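In my numbering, the protein residues as written are 592 to 755.
The beta-carbon is built from N, C-alpha and C at its ideal position, and this holds for glycine as well.
The model shown is predicted, which means the values in this text are computed figures rather than measured ones.
Notes to accompany the following structure.
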Ligand SMILES: [Zn+2]
C-alpha cells in the first residue's frame, strides 16, 4: 500500500485530473471500479471526461477509450437524465433472477454522460425520453443475495433508475 498522503488520488472531488502515473491508480482512486463504487456508496456518481476529445467515461477510466489520451478529469454527475434506449432482460444475472424480467436502459444524464442500468419499472411503463433519477441502494436493501457477488463486490452499492 502506498502512502496516501503523497497521492493526488485520495481526493475524489471534482478537481481530480490526469494524466495519472501507474502508482496513482490505487484501489481508492475514482478511476478504478472499487473507487467508483466507494463514491457511489457515499451518494456521489462520478464520471471522467477526456479533455482532448470531450468523451465521457462512465465509470471513469484513467485513459480515454475514444482517443487514448490520459488527460482525463473526474467530476460528480447529475443523477437525473433521460432514457435513450431500453430493453427487457428475461434471464438476468443470478443475483437479479428473482426480479425477472428486468428493464435495462441506456440513460443520458443531464451532463450528457451515458450510464446503463436497471429501471425499476416494467418494460411497458418505459418510453424513450422518459425522465429518470438514479437511486443508490445497498445490496441487501436491493434484495441481492451476497452469495452471488464476487467477494470484492459484496459491499458495492446497486444503482437503479426510477421514473420521475
Ligand atoms: Zn479522448
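Quiz item: According to DSSP, is residue 660 helix, strand or coil?
Solution: Your numbering for residue 660 matches position 69 in the chain shown. Under the three-state reduction of DSSP output, residue 660 falls in the coil class, being neither helix nor strand.
Quiz item: Cβ of residue 676 within 7 Å of Cβ of residue 697?
Solution: Locating residue 676 in the chain shown gives position 85, where the first residue counts as 1. Locating residue 697 in the chain shown gives position 106, where the first residue counts as 1. Yes; because the gap between Cβ atoms is below 7 Å, this pair is in contact.
Exercise. Could you say which of 688, 687, 616, 726 lies nearest to residue 706 if we only look at CA atoms?
Key: Working through the chain shown from its first residue, we reach residue 706 at position 115. Of 688, 687, 616, 726, the residue nearest in Cα terms is 726.
Self-check item: Host alpha helix (DSSP H) of residue 706 (start-end)
Solution: On the chain shown, position 115 is the one that residue 706 refers to. Unbroken run through residue 706 is the beta strand (DSSP E), 705-710; no alpha helix (DSSP H).
Practice problem: Using 10 angstroms around the beta-carbon of residue 599, count the other beta-carbons present and answer buried if the total reaches 16, otherwise exposed. | Solution: As a working note, residue 599 is residue 8 in the chain shown. Confidence at residue 599 is low in this model, with a pLDDT of 41, below 50, so the placement of that residue should be treated as unreliable; the coordinate-derived value is given next. Answer is exposed; the Cβ neighbour count stays below 16.
Practice problem: Between the Cα of residue 715 and those of 754, 660, 651, 627, spot the shortest distance and give me the residue it belongs to. | Solution: Walking along the chain shown from the start, residue 715 turns up at place 124. Looking at the Cα atoms, 754 is the closest of the given residues.
Quiz item: Which ranges does the beta strand (DSSP E) cover as unbroken runs of at least 3 residues, wholly within the region 624-688, from first to last along the chain?
Solution: 637-641, 663-667, 671-680
Practice problem: Kindly indicate which residue of 751, 631, 613 has the alpha-carbon position closest to the one of residue 694. | Solution: The residue labelled residue 694 in the question sits at position 103 within the chain shown. If we check each option's Cα against that of residue 694, 751 comes out closest.
Quiz item: For ligand 1, any of its heavy atoms closer than 6 Å to the Cβ of residue 660?
Solution: Residue mapping note: residue 660 aligns to position 69 of the chain shown, counting from 1. Flag set: Cβ of residue 660 near ligand 1.
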